[in-house]
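Chains as they are written, first to last, in our numbering: chain A, 708 to 869; chain B, 708 to 869.
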DNA sequence: TATTGTTATACTCTATAACTATA
DNA sequence: TATAGTTATAGAGTATAACAATA
């Protein structure tokens, strides 16, 4: 007796799906790679007991390297609306990582900066990110990694100017 | 007179930002490339008067190639929770592109399928996607495109198994 | 008048937990 | 009991429109 060796249609139904043309589409493979890389980013930080998203990490790096930047300019660099940035900064500020200082030259703008705690946290985060990078690039040679980054940059530039 | 040729610090402040280590991080360049590719996808469809997201297109392809698939299995293939899928299918169904048919073998599951209108729409969408792909890959040679897709697939597989 | 940051509002994507119908 | 689909709910990310303070 027993089920046929090629597998019956049990409830879980583990048969491979037909993905059609999707695996040949740049947008699709891009998104798939990105999702798994972000998942490892999250797992890396969760294991270390830190709660930071890739977006928050990028924001912290930008503010660290461009102290005094305004919210509107930072939003522009991140490619989001300035109203979208407000609750994100609120959270980082509530966590004591970032300060909205008054600009000495323009009463309308905030001069963003990391706090001392923010700089210490960013150093910690950067160490975690280095390990994460090593892991996600572990399937590639150093040469392949360079090639991949260069090609992605080309795509970015080409697609941006459409 | 006029402003100094190297640009003063006017309100918009167009000086290049310092991106620190970000451009050397796989996750960052991945996300940047993906954002610009998705932007061209949206622009392509908007120009043609169609309203479809990359996610909806992928879902339609999957249902087209795997007619009769259940919601739970489709959610698994998309990497989302089955409850997340419900409003997405609602919209596609409201637009007349997709049907939730009764399964003849299991009263609990829906056998998903494209409607005739859905198949016609998908053919239209696929034509648009072909043009979109050509455009976003226009900065790369055919060889580079193949290499990029292969490397992204490697990253996906490596990162998935961490 | 124009710009900056903010708020109010809305929509999408995402998840968890609990419900219902079926198995 | 277990599974499929659904609902209720909540959080994050996104945007637009309008407002107060400042330029």
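We put the CB at the ideal spot given by N, CA and C, even for glycine.
Comparing the C-beta of residue i with each C-beta of chain A, is any distance below 8 Å?
| i | result |
| --- | --- |
| residue 717 of chain B | Here residue 717 of chain B scores only 32 on pLDDT, less than 50, and its place in the model is too uncertain to base an answer on. |
| residue 841 of chain B | no |
| residue 817 of chain B | no |
| residue 708 of chain B | With a pLDDT of 32 at residue 708 of chain B, under the threshold of 50, the modelled position of this residue cannot be trusted; read the value that follows with caution. It does not: the Cβ of residue 708 of chain B has no partner Cβ on chain A nearer than 8 Å. |
| residue 795 of chain B | no |
| residue 803 of chain B | no |
| residue 755 of chain B | no |
| residue 827 of chain B | no |
| residue 865 of chain B | yes |
| residue 859 of chain B | yes |
| residue 768 of chain B | yes |
| residue 786 of chain B | yes |
| residue 820 of chain B | no |
| residue 798 of chain B | no |
| residue 772 of chain B | yes |
| residue 844 of chain B | yes |
| residue 711 of chain B | The predicted position of residue 711 of chain B is uncertain, since its pLDDT is 33 and thus under 50; a value taken from the coordinates is nonetheless stated next. Cβ-Cβ to chain A under 8 Å: no for residue 711 of chain B. |
Taking only beta-carbon positions, decide if residue i is within less than 8 Å of chain B.
| i | result |
| --- | --- |
| residue 763 of chain A | no |
| residue 808 of chain A | no |
| residue 847 of chain A | yes |
| residue 775 of chain A | no |
| residue 727 of chain A | yes |
| residue 760 of chain A | no |
| residue 854 of chain A | yes |
| residue 789 of chain A | no |
| residue 831 of chain A | no |
| residue 838 of chain A | no |
| residue 823 of chain A | no |
| residue 792 of chain A | no |
| residue 835 of chain A | no |
Bridge partners for residue i per DSSP, in chain order?
| i | result |
| --- | --- |
| residue 808 of chain A | A/818 |
**OP:** Return the chain-ordered ranges of every alpha helix (DSSP H) run that is complete within the region 815–847 of chain B and spans a minimum of 4 residues.
**Re:** Within the region 815–847 of chain B, complete alpha helix (DSSP H) segments of at least 4 residues are found at 823–843, given in chain order.
Original post:
Are the region 831–844 of chain B and the region 782–794 of chain B touching by the rule of at least three beta carbon pairs closer than 8 Å?
Top reply: Not touching, per the Cβ criterion.
Original post:
What residues from the region 731–751 of chain B come within 8 Å of chain A, judged by C-beta to C-beta, listed N to C?
Top reply: Listed in sequence order: 731, 732, 733, 734, 735, 736, 737, 738, 739, 740, 741, 742, 743, 744, 745, 746, 747, 748 and 750.
Original post:
Would the region 839–858 of chain A and the region 763–783 of chain A be scored as touching if the rule is three or more Cβ pairs under 8 Å?
Top reply: The region 839–858 of chain A vs the region 763–783 of chain A: no contact.
**OP:** Kindly provide the ranges of any alpha helix (DSSP H) runs that are 4 or more residues long and lie completely inside the region 715–757 of chain B, ordered along the chain.
**Re:** Listed in chain order, they are 733–754.
Original post:
Using 8 Å as the Cβ pair cut-off and three pairs as the minimum, do the region 769–781 of chain B and the region 789–797 of chain B touch?
Top reply: Yes: the two stretches touch, three or more of their Cβ pairs being nearer than 8 Å.
Subject >> contact_flag[the region 795–808 of chain A, the region 821–828 of chain A] where n(CB pairs < 8 Å) is 3 or more >> reply: By the C-beta criterion, the region 795–808 of chain A is judged to be in contact with the region 821–828 of chain A, since at least 3 inter-stretch pairs fall below 8 Å.
Original post:
Do the region 809–821 of chain A and the region 736–752 of chain A make contact, defined as three or more Cβ pairs closer than 8 Å?
Top reply: The region 809–821 of chain A makes no contact with the region 736–752 of chain A; the number of CB pairs closer than 8 Å stays below 3.
**OP:** Evaluate the contact criterion for the region 853–862 of chain A versus the region 753–762 of chain A: three or more CB pairs, one atom per stretch, below 8 Å.
**Re:** Segments in contact, no.
**OP:** Ignoring anything shorter than 3 residues or poking outside the region 750–798 of chain B, list the beta strand (DSSP E) runs there in chain order.
**Re:** As far as the region 750–798 of chain B is concerned, it has no whole beta strand (DSSP E) run of at least 3 residues.
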